[in-house]
Amino acid sequence: MAVVTPLKTAAEQQLSQQFAQAKATLPGAGAVARLRDEAFAGFEARGLPNRRLESWRYTDLRSMLREAMPPAQAGERPQAIADRLALQTISGPRLVLIDGWFSAADSDLQGLPEGVTVRSLSEALAQAPDAFAAAFDLPEIARDDSALMLNAAFASDGVLIEVAPGVALAQPLLILSLGSGAREAAIVSRSRVVVGAGAKVAVVEVHESLGPSPTQNNQALAFSVADGAEVQHVRIVTRQRAETVQVQSLIVEIGKEANFASVALAVNCGVLRQQSFVRYAGEHSNAALRGINLLSRREHCDVTLVMDHAAAHGESRELFKTIAEGEGTGVFQGKVIVRPHSQKTDGGMKSHALLLNEGATMYNKPELEIFADDVVCGHGATVAQMDSEQLFYLMARGLPRPVAESLVLAAFVGEVTEFVGDESVREIIGREIDAWLAQRGAAPKSGAA
Amino acid sequence: MLEIRNLVVKIADEDKQILNGLNLTVNDGEVAAIMGPNGSGKSTLSYVIAGKEDYEVLDGEILLNGENILEMEADARAAAGVFLAFQYPLEIPGVATMTFLKAAMNAQRKARGEAELLTPDFIRQVNAAADKLGIARDMLRRPLNVGFSGGEKKRMEILQMALLAPSMCILDETDSGLDIDALRIVADGVNALRDKNRGFLVITHYQRLLDHIVPDTVHVMSKGRIVKTGGKDLALELEKSGYASYTEAA
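Structural data, given as C-alpha cells:
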C-alpha cells in the first residue's frame, strides 16, 4: 500500500499561518511556549480531526471547517453582553469570559470564601509561565487528540481556579462564557480547576453566543480533583448560531475516594462536539457524566467520552438522553477502559435517544476495553420513536397532542436533570428544556426550518 | 347518548377487518354490557370510540350526543365526554400522577372554555375522590401507574373517570387482573358514578363483573358485530351456555 500524505485543507493552511503570526503574542514564555510549539507540531502532523479517526468518525471537522476563522480579539463588548450580564440567574460568584477572554470588570468574585483563588490564564502565564504550565497537562487518553493540540497551541485566556484543601463552597461557581458574535472568530480558551483534598465545589459553565456572527470555539476545562474531594460540574451550551462549530473538552483527573459528577445540556447548539476524558488516579473514586441533547434543524451534537479506570474500586456512570427532530444528529461514543490492576471496577453506561421524525439521526457507540477480570461493566443504548401508546393514553384523557408530547419528552430527559444538585441551576436547565419543548410544539410539523 | 351505525373498521396497516357493520346504541343513564369471546373485536371497538390511530374506519359513524366524533383526535373526543378506562393502563415514567391529573382536568376545562382549576380546589377534589377509592396519598405522588399493581392501576382509572366526569364511560375489561376485594372497590366506584346523564359501556369476558355493576342491557358480540341483545339475564345465560351458539350463528 502506498503511504498517503493528506493534502492540507485551506483551513489547516490558515491555522498554520495564524499560529506563526500569533505565537509571539500568545501568553506564556519558556515552558509554555515550547509546549505550544509541540502541540502545534502535533496538530500539523495529524491535521484537523476527521472521520478516518475512530474517535471522530461522526464529526468530521476537516470537511466541516471550510476556513479557519481568525483568533478572537479581546475587547469586544456589544450592548448584548451588558444586557445578558444584567440577567444574572444563577446566584453566587461568577467569572465572565467574553470571546474566550477573561473580563475582570464583568466578573463578580464577592462571596468567594477564603481558600479560593481565581486568576486569568493570560495573566498567570505572563507572570510565571513555568508555574502555570500545568494548566496544559493532559492524561494519556487525551494526548493524541488534535483538537486539544490546537487548543493548547492557541489558548489565549481562560480562568485558573484553586480551591484549598477542605474548603466547601456554599454556592456554585459560574463560568459564563459569552460569545460577542460581533464578527466571525475562533474562540480558544483553556480553564483549569484545582480542587484540594476534601474540598467541595460546584462549577457551572454556561456557553452562549449573543451576536449574529458564527464562531469556531475550542474550549477546554480541566479538573484536578484531589483525594476525598467532591465536585459537581454543569455545562450548558445554548443560543449558538446554526453555523457555529465548537469543541468543548472536559478533562478530569481524580484522586482516591473522590467524587466527580457532571451534567451537560446542549440545546440550540449549532455543531457541537463535547468530549470528556476522565482518569481515575486513585482507588475508591467515582465519576458520573450525564447529559441531555435537544437537537433541531440541522444541529449536531457529538458526545464522546473516555473513562480510564487506572485504579481499582472505581465506579463510573454515564447517562445521556438525546431527542432529535428535523435533521438533527446525535452521536454518543462512550469508551470505558479498565486497566489490568483495576479490580472491582463498576461501570454502567447508557445512551437513550428519541427520534421524532425520519430526518433525525442517532449514532450510538459504546465501547468497553476491560483488562481486569473482577469487574462489573455494562452498557445500554437505545434509539426509539416516541411511544405512541403513551401518547394515546394521555390524549385519551384530554391532553392535546403537543401537551402530551411535551409531557412524555420532558419526562424522558427529566431523569438526567435530577442529578443537578443546585436548585437554581436545575431550574435554569428546566427552563431551557421547557423553552425548547414549547418552540417545537409551536413549530410546523415538518421540523425543517 | 352514543350511537354507532354500521361501523366497519380494519387495522390500519393490514388487511384485517375487525368490525363488520356494528350497530349499537347506549342511552344516557344506561349501563350497557358487551360480552363476547376473545377476538370478537370488543377492545377494538373501545379504541375506535376513544380515537386510537392504529385503525382505519371504512364505513359507518359514531355519534356522541348527535355529533359524529370520527374526525376528532382523541383529546377532542375526551373533551366531548368520552372516557376509556384502559384494560392495560400505560405506565408513564417521570410524570407525577398529580401533575398528570391536573393537566388532564385543565385541558378539558380549557377545551370547554372554562377557567383553570385553582390548586387548592384541585387537591381537594383529588383527595376526596381518592379516599372513596381507597387510593393512598403516596400513590398520587408516584409517577403515573409506575410500579402500581394491577388493582391499583384500575383504581387509578376509576379515579380519573370520577375527576373528569365524562358523559360516556367505556370500561375495557376493567375486571381483568382484579381480586375479589379490588373488584368490589372498583365496581363501587363505578356505581357511584351512575347518573341519568351518563352512559356506560362495560366490556367484559365474564359475568362476574356484572354481579357488581348490574347492566340495563347486555349485548353479545361476535366477529365484529352485535349478534344478540337482551337484559341482564342474558349474561347469566351466557355464563351457563358459553358463546358457541352465537359464534356459529354469526
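Protein chains in written order, with my numbering: chain G, 212 to 660; chain D, 4 to 253. The C-beta atom is built at its ideal place from N, Cα and C for all residues, glycine as well. For clarity, every value in this text was computed on a predicted model and none was experimentally measured.
Excluding sequence positions up to five before and after residue 210 of chain D, its CB lies within less than 6 angstroms of the CB of 238, 242, all in the same chain and listed in chain order. The beta-carbon distance between residue 384 of chain G and residue 303 of chain G, rounded to whole angstroms, is 7 angstroms. This is short enough to meet the 8 angstroms contact definition. In this structure the region 579-599 of chain G does not touch the region 38-50 of chain D; the number of beta carbon pairs closer than 8 angstroms is below three. Short of 6 angstroms from the beta carbon of residue 591 of chain G, and not among the five residues preceding or following it, lie these beta carbons of its own chain, in chain order: 561. Judged by DSSP in its simplified three-state form, residue 81 of chain D adopts helix. 8 angstroms or more divides the Cβ of residue 183 of chain D from the Cβ of residue 158 of chain D. Within the region 621-655 of chain G, contact with chain D at the beta-carbon level (separation under 8 angstroms) is assigned to 621, 622, 623, 625, 626. With respect to the 8 angstroms criterion, residue 234 of chain D and residue 32 of chain D are not classified as neighbours on the basis of their beta carbons. Against chain D, the CB of residue 531 of chain G has no partner CB under 8 angstroms away; the residue lies outside that interface. Residue 98 of chain D has a beta carbon lying within less than 8 angstroms of a beta carbon in chain G. Counting only Cβ-Cβ distances below 7 angstroms, residue 55 of chain D has contacts in chain G at 603, in chain order. In this structure, residue 391 of chain G lies away from residue 278 of chain G, with their beta-carbon atoms at least 8 angstroms apart. Each of D:133, D:8, D:90, D:70 was checked against the Cα of residue 100 of chain D, and the nearest Cα belongs to D:133. Of all residues in the region 66-82 of chain D, only 76, 77, 78, 79, 80, 81, 82 come within less than 9 angstroms of chain G when Cβ atoms are compared, listed by chain position. Contact annotation: in the region 291-311 of chain G, no residue has its CB less than 7 angstroms from a CB in chain D. For residue 610 of chain G, the residues of chain D that pass the 7 angstroms Cβ criterion are 78, 106, 107, 110, in the order they occur in the chain.
Taking the C-beta atoms as reference points, residue 462 of chain G is found no nearer than 8 angstroms to residue 493 of chain G. Under the three-state reduction of DSSP, residue 492 of chain G is assigned to coil, being neither helix nor strand. For the set G:239, G:405, G:454, the Cα lying nearest the Cα of residue 365 of chain G is the one of G:239.
Taken atom to atom, the span from the alpha-carbon of residue 146 of chain D to that of residue 225 of chain G is near 55 angstroms. For residue 329 of chain G and residue 243 of chain G, the gap between their C-alpha atoms comes out near 20 angstroms. Judged by DSSP in its simplified three-state form, residue 283 of chain G adopts coil rather than helix or strand. Flagged as an interface residue toward chain D: residue 618 of chain G, by a C-beta distance shorter than 8 angstroms.
When Cβ pairs closer than 8 angstroms are counted between the two stretches, the region 361-379 of chain G is seen not to touch the region 289-296 of chain G, the count staying below three.
The region 9-18 of chain D and the region 174-183 of chain D do not touch, with fewer than three beta-carbon pairs separated by less than 8 angstroms. Taking a cut-off of 8 angstroms on C-beta distances, the region 463-482 of chain G touches the region 495-503 of chain G, as three or more cross pairs fall below it. Contact between residue 609 of chain G and residue 111 of chain D holds: CB atoms are separated by about 4 angstroms, below the 8 angstroms threshold.
The Cβ atoms of residue 535 of chain G and residue 593 of chain G do not sit closer than 8 angstroms to each other. Apart from the 5 residues on each side of it in sequence, residue 267 of chain G sits with its Cβ closer than 7 angstroms to the Cβ of 260, 261 in its chain, given in chain order. Taking the Cα of residue 627 of chain G as reference, the smallest distance to any Cα among G:528, G:546, G:545 is reached at G:528. Contacts between residue 163 of chain D and chain G, judged by CB atoms closer than 7 angstroms, involve 608 in chain order. The C-alpha of residue 306 of chain G is placed about 32 angstroms away from the C-alpha of residue 222 of chain G. For the C-beta of residue 412 of chain G, not a single chain D residue is nearer than 7 angstroms; the gap to the nearest is close to 29 angstroms. When the alpha-carbon of residue 69 of chain D is set against those of D:29, D:225, D:186, D:172, the nearest one is in D:29.
With respect to residue 53 of chain D, residue 614 of chain G sits apart: the two C-beta atoms are not nearer than 8 angstroms. Annotation: residue 436 of chain G has no Cβ neighbours in chain D at a cutoff of 9 angstroms; minimum Cβ distance is about 31 angstroms.
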